[in-house]
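Everything in the sequence shown is counted per my numbering, starting at 86 for the first residue and increasing by one.
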Amino acid sequence: MKELLERHSQRITRKIEILKVKSNSLSKWRFIVFAIAIVFSIFGINNLNDYLYVATLAGIIITFLFLVNLQRKVTSALEKFGYLKTIKDGHIARINLDWDNIDAPFIPDVSKHHPFADDLNIVGKFSIHHLINTAIYTGGAQLLSDWLLKEEPVAQQILARQELIKSLKPLQLFRDKLRVVALHTKTRSSKGDWTMEQMLQWLALPQKTGFKLPLIALTILAISNISFGVLALLGVMSSLPLIISLLIYVSVYKLNSHKVSGLFDASFQMDRLLGRFSAILLSVEKFTFRRDNLLNDFLKVFHQEEEKPSTYLKKVKSLAGAASLQKNQILWPIVNLLMPWDFYYAMRLEQLKHDLEPKLKIWLNKFYQLEALNSLANFAELNPNYTFPTFEKRDQESLDAIEVGHPLISVSKKVTNNFRVERGRDLFLLTGSNMAGKSTFLRTVGINLVLAYSGAPVNAKSFNTDFFRIFTSINVVDSLGDGLSHFYAEVKRLRQLLDALNQTHQLPLFFFVDEIYKGTNNRERYAGSAAFLKEVAGKNGAGMVSTHDLELASMEEVIPQLGNWHFSELIKDGKMSFEYKLKPGPCPSTNALQIMKIEGLPVE
């Protein structure tokens, strides 16, 4: 996959170089034709007959305009190929975990009490969301984070999302094209433009009413004005009726002028914003998935004849063109004096607002879903050795993972493990040496469960699981602002874990606790840890607890649900290495003193 993407990137680079040469050539020809036009207009006027002069000059101007249009197309193509190269290079960076060349992370607002967001590196810099997210718009990135941070997985939603991701996975061309269009569109915005959120807020404002009566009155008065004016010009009647009619027309117009205030600004902003966003909407609208009824059904809101975006975008453009008359300080008062132009189009704008607001919300919501799904489909394609999880209900196991690995560890350093949670034997005590891989393994299982419940593929050869709620106590830190020590912060976190575990809930809880009670002394740590293990055993859930206290391994004799597993190190010729392989039983060795010795610290 990496080699394929590198070849694509190289081909795009060559195409960009060709387009640059073409653009430079067109610039030279434009200058030459422009110079010829200047010289010809000066010297040809006296040396050629009028017809030949005009025809030749027109030909030169047409040629110049043709070159301008051609260069505009080449420039646009250059820009889009530049975006495409950025996308391909970004794909390569995601495979390499080259964070500096992956788009800046989207940072959602997440509660510090979230059950697993921080401990499993779900969002933020160097997170799984940072790695996966390819959404250009905030709405798509936010939706992806919502899926990854979902606290209670919903089976129907997950299975439906997984099928859509599978359908989108082979459609690399569609995904890349949509991102190119989105990037091209987003760069067209300027400082004073509305955002999509501002647009939706304006559309949601209460609809202005009371147009019909003044519009009827003004229309009648406008007809009267024109009739009286014609009759006055023909000398049939005096101008007095015309003056009275005009005064009444202006008075009625003035009394109702608040109804048309802001007409141009609003319609201009609508046209500008939707004009940019229309390229995205129309790309989705025009794309048909010939052999995939699932995707066609998912995107049917873009294809319904009377409801599709192109229909409403034409109406917006038409209204914006009519409303732009307000900016013509000469023509605008004349037209509105002859007819209630602004009133008519202000009424139509209010009607369009009423129709457009719910449809735009639907289009945006569906587009944001598509962006989030495309992110996960791209993640699936870039990792062909990953697999989509299954959720088959089995009698013996609630989780069965073969060759499960951590997606945020590079392939060259990654070690995979097999892991199974058997029913009735679902509490795991992990012991092991420092740096042997206990914490990483807790995160490995946790982050793959999160991926599974988002609908994404997981870093495993096979992965079958029940649906669990997830809770972690791994990276607990002290809170100086709240006056909490590290130990007390961990105690509060474990209290939250027990509360979640004791809830009457249809979904069991899968919990991960790293280095339990490491902030206190050996005697109290052992007593507290043993009591904790007894308390959580046999509850509505499964759990993994890591510790340095090898004495806790004896709890297997009194807790039937508990199993001992460990990670260990290899020491050869005074050097230490790690296998990072999960092994049954308690850890047979420790390495703290050896590490001290290797680093030159005194050891007795």
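Heads up, the beta-carbon is just placed ideally off N, CA and C, and yes, glycines get one too.
Can you list, in chain order, the residues of its chain whose CB lies under 7 Å from that of L303, leaving out five sequence neighbours each side?
Your numbering for residue 303 matches position 218 in the sequence shown. Answer for L303: Y334, V337, Y338, P425 and F428, listed in chain order.
Counting beta carbon pairs with one atom in the segment 591 to 602 and one in the segment 619 to 627, are three or more of them shorter than 8 Å?
yes
Does the segment 252 to 259 come into contact with the segment 226 to 240, if we say contact requires no fewer than three beta-carbon pairs (one atom in each stretch) closer than 8 Å?
no
Taking the alpha carbon of S558 as the reference point, which residue from S547, Y573, L150 and V321 has its own alpha carbon closest?
Locating residue 558 in the sequence shown gives position 473, counting from the first residue. Minimum Cα distance to S558 is reached at Y573.
Thinking L493 and T550 are a contact (beta carbons under 8 Å), I'd like their distance in whole angstroms, please.
By one-based count along the sequence shown, residue 493 stands at place 408. By one-based count along the sequence shown, residue 550 stands at place 465. In fact, because the Cβ distance is near 20 Å, the residues do not count as touching under 8 Å.
Can you round the beta-carbon distance between E392 and V386 to whole angstroms, since I take them to be within the 8 Å contact cut?
Along the sequence shown, one-based indexing puts residue 392 at 307. Along the sequence shown, one-based indexing puts residue 386 at 301. With 8 Å as the limit, E392 and V386 qualify as a contact, their Cβ atoms being about 7 Å apart.
Backbone secondary structure at H388 - three-state DSSP
If you number the sequence shown from 1, residue 388 lands on position 303. Of the three classes helix, strand and coil, the one that applies to H388 here is coil, per DSSP.
Along the chain, which unbroken stretches of the alpha helix (DSSP H) at least 4 residues long are found entirely within the segment 215 to 301?
223 to 233, 240 to 253, 257 to 271 and 281 to 288
Euclidean distance between Cα positions of D382 and T516:
The residue given as residue 382 occupies position 297 in the sequence shown. The residue given as residue 516 occupies position 431 in the sequence shown. Computed Cα separation, rounded: 50 Å.
Could you give the DSSP three-state label for K668: helix, strand or coil?
Counted from its first residue, the sequence shown places residue 668 at position 583. Of the three classes helix, strand and coil, the one that applies to K668 here is strand, per DSSP.
Report the three-state DSSP secondary structure of E654 (helix, strand or coil).
Sequence index remark: in the sequence shown, residue 654 carries index 569 (1-based). If DSSP states are grouped into helix, strand and coil, E654 belongs with the strands.
Excluding sequence positions up to five away, which residues of its chain have a Cβ less than 7 Å from the Cβ of G167?
If you number the sequence shown from 1, residue 167 lands on position 82. Hits under 7 Å: I101.
Length of the line joining the Cα atoms of I213 and V239:
In the sequence shown, counting from the first residue as 1, residue 213 sits at position 128. In the sequence shown, counting from the first residue as 1, residue 239 sits at position 154. Taking the straight line from one Cα to the other gives about 21 Å.
Are the segment 175 to 189 and the segment 144 to 161 touching by the rule of at least three beta carbon pairs closer than 8 Å?
no
Throw me the rounded Cβ distance for the Y611 and E636 pair, which I believe falls under 8 Å.
Here residue 611 corresponds to residue number 526 of the sequence shown, with the count starting at 1. Here residue 636 corresponds to residue number 551 of the sequence shown, with the count starting at 1. Yes, Y611 and E636 are in contact; Cβ-Cβ is about 6 Å, under 8 Å.
Closer than 8 Å is the cut-off here; do at least three beta carbon pairs connect the segment 574 to 591 with the segment 535 to 551?
no
Just curious, the alpha helix (DSSP H) that M432 is in, first and last residue?
Sequence index remark: in the sequence shown, residue 432 carries index 347 (1-based). Counting along the chain, the alpha helix (DSSP H) containing M432 begins and ends at W426 to L467.
Beta-ladder partner(s) of R505, from DSSP:
Within the sequence shown, the letter at position 420 stands for residue 505. Answer by DSSP bridge pairing, in chain order: D485.
Are S251 and F473 close, meaning C-beta to C-beta below 8 Å?
Working through the sequence shown from its first residue, we reach residue 251 at position 166. Working through the sequence shown from its first residue, we reach residue 473 at position 388. According to the sequence displayed, residue 251 carries Lys and not Ser. Closer than 8 Å, so yes.
Would you call the CB atoms of T219 and N560 closer than 8 Å?
What you label residue 219 is simply residue 134 of the sequence shown in a count that begins at 1. What you label residue 560 is simply residue 475 of the sequence shown in a count that begins at 1. No, Cβ-Cβ distance for T219 and N560 is not below 8 Å.
Which value, in whole angstroms, describes the spacing of the CA atoms of E91 and T171?
Residue 91 sits at position 6 when you count from the first residue of the sequence shown. Residue 171 sits at position 86 when you count from the first residue of the sequence shown. Distance between the alpha carbons of E91 and T171 is about 12 Å.
Three or more C-beta pairs below 8 Å linking the segment 354 to 369 and the segment 269 to 278
yes
What is the DSSP secondary structure of R96, reduced to helix, strand or coil?
For the purposes of this step, residue 96 is taken as the residue at position 11 of the sequence shown. In the structure shown, R96 sits in a helix (DSSP, three-state: H, G or I).
Helix, strand or coil at I555 according to DSSP, with G and I counted as helix
Reading the sequence shown from its first residue, position 470 is the one you call residue 555. Reduced to three states, the DSSP call for I555 is strand.
Taking the continuous alpha helix (DSSP H) assigned at G613, which residues delimit it?
Numbered from its first residue, the sequence shown carries residue 613 at position 528. Per DSSP, G613 belongs to the alpha helix (DSSP H) from N607 to V621.
S403: first and last residue of the uninterrupted alpha helix (DSSP H) it sits in:
Here residue 403 refers to the residue found at position 318 of the sequence shown. Looking at the DSSP string, the run of the alpha helix (DSSP H) that includes S403 is P394 to A408.
Buried versus exposed, by CB contacts within 10 Å (16 or more), G670
Taking the sequence shown and counting its residues from 1, one reaches residue 670 at position 585. Exposed: under 16 other Cβ atoms inside 10 Å.
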